[in-house]
Amino acid sequence: MDLSAIGIETNFSTLDWCIVVGYLLVVVGVGVYVKRYITNVTDFIVAGRGLKTFLAVATMIGTELGLVTVMYSSQKGFSGGFAAFHIALAAAVVTLVVGLTGFIVVPLRRLKVMTIPEFYEKRFGRGVRILGGIILALSGILNMGLFLKAGSLFVMGITGLTQTAHLNIIMTVLLAMVLLYTTLGGMVSIVVLDYIQFVVLSFGLLIASLLSIRYLGWSNIIETVSRIKGQAGFDPFDSEGFGVPYVVWMFFLGLVSCAVWQTAVIRACSAENTRTVKRIYTWASIGFLMRFLLPYFLGICALVYIVQPEQEALRGIFAPAHGSADSQVTLMAMPVFLSQILPAGFIGIISAGMLAAFMSTHDSYLLCWSSVLTQDVVAPWFKRGLSSKARLLLTRVFIIGIGVFILIWGLWYDLGQDLWDYMAISGAIYFTGAIALLVFGLYWKRASKVGAYAALVCGLLALIGLTPVQNLLNPLKLRFGFTEEIAVEKVTKKMVLVAQDIPIEEITTKTVEVYKMIGSEIVGLAVIALAILAMIAGSLLFPRSRTSSEAKE
31 MDLSAIGIET NFSTLDWCIV VGYLLVVVGV GVYVKRYITN VTDFIVAGRG LKTFLAVATM
91 IGTELGLVTV MYSSQKGFSG GFAAFHIALA AAVVTLVVGL TGFIVVPLRR LKVMTIPEFY
151 EKRFGRGVRI LGGIILALSG ILNMGLFLKA GSLFVMGITG LTQTAHLNII MTVLLAMVLL
211 YTTLGGMVSI VVLDYIQFVV LSFGLLIASL LSIRYLGWSN IIETVSRIKG QAGFDPFDSE
271 GFGVPYVVWM FFLGLVSCAV WQTAVIRACS AENTRTVKRI YTWASIGFLM RFLLPYFLGI
331 CALVYIVQPE QEALRGIFAP AHGSADSQVT LMAMPVFLSQ ILPAGFIGII SAGMLAAFMS
391 THDSYLLCWS SVLTQDVVAP WFKRGLSSKA RLLLTRVFII GIGVFILIWG LWYDLGQDLW
451 DYMAISGAIY FTGAIALLVF GLYWKRASKV GAYAALVCGL LALIGLTPVQ NLLNPLKLRF
511 GFTEEIAVEK VTKKMVLVAQ DIPIEEITTK TVEVYKMIGS EIVGLAVIAL AILAMIAGSL
571 LFPRSRTSSE AKE
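Here is the structure:
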């Protein structure tokens, strides 16, 4: 997509490039500098379990407020309007409940585990730990596989660069910088850098939101969303928008993002004590709310800007009259919008914060999945255990290997759905089974090894929620959806023409019969229910052996 060809020029200047490059060099230098504080694998993975409340909150939100978060959230705001705010509210409410009750995270911290699969071994045995570690790593690495694509699209939209080769070079350099300071510094460097980037990006997003309101006008924003989206732009329960199943799915994802997903749970494992864990999550609920709200709002502002009468060229790309724009295109709406309204200099600060956030998320995720592979997949095979030095080396090797994989995957994979929905369903490969293992393993004494295996295997069915997988099943007539006749202008990329495979622009009739794929939220909820049933049935049919202490009771 060449924006310059249609007369769209960015405000990104040489000054902005200097700001971006200078900032990135500083944060990488800090990350490499703290290598001197790494003495063992516990320091490397969980920062010596010495994180206090507010530093842990900042680094947790800093990790979760990555560039990919801003991109997929702004895309949801662009496509869903103000109704998308329900996702932020769900995340905040669930995180607050976890903070007040200590649900899941306090027992995990009390057990002093470094990874969730480590808990699997303590509760269900080594085999469950290895299988759980493999599934967790597979899901997590696939989940972060499109981070580079999101970063590439941001760079393209904000700077006006249109050559794919340039973007690939930029993203490869960024990934190399992440690999450098993550490999050397581990969790200590991540904590330091996340804190810096949390502050920079928080203020940047807030100021960008205020400038957007000033540029577009609050009443204009409300009226435009109402005109374009109708009731569905404000009511998440409206069937024309998100719908009830999607809202329920978001509450499950709120629990997952704070209490089940390894990159967040590792902050609980790194906390000073269990009291600190509760404080972290109580305060983090505010951050989880804002990390979604601000990007959603920027996405809404991008929609309002693009559909204005004077933006006919942009409207043809991002909001075509017939059908809907490709998900990869709508991801660029927010950065293109910012490139038009932000002044030179400030746009460089915002971009530096965004790209630093991109690196912040990558470093935490790389450390997380590499430590899972080391601690939970490889180490359990060694009866005598691995030395701390060997674990450090192996973790660093995995960091580099994962980095190479996500570079290839992110630039190759065809998205085919909103990025947030891809993130949710790829993560569901792990967390649909993990929810059952964590909840029943921590709070139900009768949960057994067989039930754990069954729940983990059921989680793999979440793969059906990925659009490319559904597309592969279509020629086999294994369609997970239904047919419906709708108006041509309502056809979206998620639908497949039943009668003929022709471009939507060439259809001459007013209505067309389409095949609607079942949403990822339906797949996710169904797999969660199946995993829970599998855990209960497996545990009742194949009870766990009681320990000697339990037998005496």
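Going from the sequence shown to my numbering is simple: count from 1 and add 30.
Heads up, the beta-carbon is just placed ideally off N, CA and C, and yes, glycines get one too.
- Your pair residue 395 and residue 174 checks out as a contact, with CB atoms roughly 5 Å apart and the cut at 8 Å.
- Between residue 301 and residue 476, the C-beta gap is not smaller than 8 Å, which leaves the two residues out of contact.
- Around the beta-carbon of residue 442, fewer than 16 other beta-carbon atoms lie within 10 Å, marking it exposed.
- For residue 493, the closest alpha carbon among the candidates 449, 447, 484, 553 is that of 553.
- Residue 361: not part of any alpha helix (DSSP H); DSSP gives it neither H nor E.
- Under the 8 Å Cβ criterion, the segment 143 to 151 does not count as touching the segment 357 to 373, having fewer than three qualifying pairs.
- A contact is defined here as three or more CB-CB pairs under 8 Å, and the segment 250 to 264 meets this definition with respect to the segment 330 to 345.
- Residue 289 and residue 483 have their C-alpha atoms roughly 21 Å apart.
- Taking 8 Å as the cut-off, the beta carbon of residue 104 is found closer than this to the beta carbon of residue 326.
- Nearest to residue 261 by C-alpha distance, out of 458, 121, 110, 466, is 110.
- Pairing residue 491 with residue 564, the inter-Cα distance amounts to about 13 Å.
- Contact between residue 369 and residue 377 holds: CB atoms are separated by about 7 Å, below the 8 Å threshold.
- Residue 101 sits away from residue 236, with the two beta carbons spaced by 8 Å or more.
- Under the DSSP assignment, residue 465 falls in the alpha helix (DSSP H) whose first and last residues are 449 to 473.
- Taking a C-beta distance under 8 Å as the contact criterion, residue 122 and residue 388 do not qualify as a contact pair.
- Secondary structure in the segment 271 to 345: no beta strand (DSSP E) run of 3 residues or longer lies completely within the stretch.
- Measuring C-alpha to C-alpha distances from residue 115 to each of 458, 285, 272 identifies 272 as the nearest.
- Close CB contacts of residue 113 within its chain, under the 8 Å cut and outside five residues either way in sequence, are with 259, 262, 263, 264, 265, 266, 268, 271, 272 (chain order).
- Of all alpha-carbon atoms in 181, 241, 305, the one lying nearest the alpha-carbon of residue 328 is that of 241.
- Rounded to the nearest angstrom, the Cβ distance from residue 479 to residue 158 is 6 Å, consistent with a contact under 8 Å.
- For residue 553, the enclosing alpha helix (DSSP H) has its first and last residue at 550 to 571.
- In this structure, residue 560 sits near residue 488, with a CB-CB distance shorter than 8 Å.
- Using a Cβ distance threshold of 8 Å, residue 292 and residue 145 count as a contacting pair.
- Straight through space, the alpha carbons of residue 486 and residue 573 are spaced by roughly 17 Å.
- Residue 176 and residue 439 have their C-alpha atoms spaced approximately 7 Å apart.
- Taking the C-beta atoms as reference points, residue 135 is found nearer than 8 Å to residue 298.
- Of 355, 502, 208, the smallest CA-CA separation from residue 437 is found for 208.
- Contact annotation: residue 461 and residue 286 have beta-carbon atoms nearer than 8 Å.
- Secondary structure at residue 134: coil, using DSSP grouped into helix, strand and coil.
- If you compare the alpha carbons of 499, 95, 191, 495 with that of residue 458, the shortest gap goes to 495.
- In this structure, the CA atom of residue 315 is about 8 Å from the CA atom of residue 124.
- Straight across, the Cα-Cα distance linking residue 398 with residue 154 is about 22 Å.
- Annotated three-state conformation of residue 179 is helix, per DSSP.
- In this structure, 405 is the residue among 405, 324, 344 with its C-alpha nearest to the C-alpha of residue 417.
- In terms of CA proximity to residue 465, 562 leads the group 562, 571, 322.
- Setting aside the 5 residues that flank it on each side, residue 179 is surrounded in the same chain by 440, each with a C-beta closer than 6 Å to its C-beta; the list follows chain order.
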